[in-house]
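For any residue, its number in my numbering is found by taking its place in the sequence shown, counting from 1, and adding 1170.
Glycine residues also receive a C-beta, built at the ideal position from the N, C-alpha and C atoms.
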Amino acid sequence: MSDPAKVRRHAERVRELVASVVRTQIKDPRLGMITITDARITADLREATVFYTVLGDATDQANTAAALESAKGMLRSTVGKALGLRHSPSLAFVLDNVQDQVKHIDDLLAVARNADEEVQRRAANAAYAGDAQPYKIDEDDENDDDEDEDEPVGNSGDRR
């Protein structure tokens, strides 16, 4: 097993290398507006997963995925040489759909905000269903409670 700090450093280096190679060396016309967002590598340094985002629609995403798959060998050899490991890690590319998740969360927050506004609007015009004080208080009960406080509690004359 490798040191977790070493694994993190290698993952960060893989992300930087792939981003650099994609920007400078891959001339595939199918490659869209791509951003390498993250890279993760297994503890044995054999497999690396590279996360990316693509600006555009589904066809742009599919074309970019095809371009990355065709350039995978060149990317793997470049990463392997730069890392100086005994075995070059195999690369897997995963589309990072952060924007879709952010949009979904924003939509959910907007729905919750609208529901809260509706509750506040209804609460502003609300009135009690019954009396403001729903519990009946008898004045006789209050007097009985005061009299009970004067009486001693327990039998003080019953000692053994």
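Range of the contiguous alpha helix (DSSP H) that encloses residue i
i, result
"L1225", "Per DSSP, L1225 belongs to no alpha helix (DSSP H); it is in the beta strand (DSSP E), E1217 to L1225."
Beta-carbon gap between residue i and residue j smaller than 8 Å
i, j, result
"V1220", "V1191", "no"
"I1196", "V1224", "no"
"A1241", "D1198", "yes"
"A1175", "E1217", "no"
"I1211", "V1264", "no"
"S1172", "A1213", "yes"
"V1272", "P1259", "no"
Status (buried if at least 16 other CB within 10 Å, exposed otherwise) for residue i
i, result
"T1234", "buried"
"V1188", "buried"
"P1304", "exposed"
"H1180", "buried"
"G1202", "buried"
"I1275", "exposed"
"E1182", "exposed"
"R1330", "Note that R1330 scores a pLDDT of 49, beneath 50, so its modelled location is shaky; the value from the coordinates is reported in the next line. Classification of R1330: exposed, given that the 10 Å Cβ count is below 16."
"L1215", "buried"
"A1209", "buried"
"I1307", "exposed"
"L1278", "exposed"
"L1255", "exposed"
Whole-number beta carbon distance between residue j and residue i, since they are thought to touch under 8 Å
i, j, result
"A1237", "R1200", "4 Å"
"D1270", "Y1222", "D1270 to Y1222, Cβ: 14 Å. No contact."
Could you tell me which uninterrupted alpha helix (DSSP H) segments, each at least 4 residues in length, are contained entirely in the segment 1194-1280, listed from first to last along the chain? If we require 4 residues or more, the alpha helix (DSSP H) runs fully inside the segment 1194-1280 come out as 1228-1240 and 1242-1253.
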